[in-house]
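Taking mature numbering (1 follows the signal peptide of the UniProt record, and there is no 0), I'd label the letters of the sequence shown as residues -18 to -1, 1 to 114.
Positions of the beta carbon are idealized from the N, C-alpha and C atoms, including for glycine.
All figures in this text were calculated on a predicted structure; none of them were measured in a lab.
To start, the structure under review is shown below, and the notes come after it.
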Amino acid sequence: MKTAILVLASTFAGFASAGQLSCPQFAPADWGIGQKALESVRVMSYPAQDLPGPDREYYATPPWEEREKAGFIYQIWHLEKVVGFKHEVDCVYAGTDRYLSLELANARRCAARWRARRDHGVVPYSLNFWCK
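Structure below.
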């Protein structure tokens, strides 16, 4: 089972520029696991009265768009404001079951960017993720 740490967007501002929220490139230092790189993300949408349990993948939504451009692969999520629904992202780190969960209360668009390989795969641990 993954262990979650919920961080509200307002307390996470140190990792992102004004008006932008992002997953840190490495797991938080206070986890005491060394520099584990950001490996993947789970963008989730779920009814506000529900609390995702250990099977958080159930609430994960696929990106609306995916494209390759200038040596990078981009995935885009458009987050519509729907009454009674919440949006969150889980920042998943390599070599650990822990993840950082961020509430996306005011975000309208999120993007993931990986460095692309020549075979159209992705370079491991090259992920950047942000929301505006």
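Residue pairing by DSSP puts Ile58 in a beta bridge opposite Glu47, Ala93.
In the DSSP assignment, Ala98 is bridged to Val104. Nearest neighbour of Arg24 by Cα position, chosen from Arg49, Lys51, Tyr41, Arg100, turns out to be Tyr41.
Counting only the Cα atoms, Asn88 lies some 9 Å from Lys63. Annotated three-state conformation of Ala42 is strand, per DSSP. C-alpha of Gly53 to C-alpha of Pro36: approximately 35 Å in a straight line. A direct Cα-to-Cα measurement between Glu85 and Gly77 gives close to 23 Å. Judged by DSSP secondary structure, Asp37 falls outside any beta strand (DSSP E); it is assigned neither H nor E. For the 8 Å CB-CB criterion, Gln2 and Leu20 do not form a contact. In this structure Pro10 is in contact with Leu82, their Cβ atoms being roughly 7 Å apart against a cut-off of 8 Å.
For Asp72, the uninterrupted beta strand (DSSP E) segment begins and ends at 67 to 75. For Gln17, the CB contacts under 8 Å within the same chain, skipping 5 residues up- and downstream, are Phe8, Ala9 in chain order.
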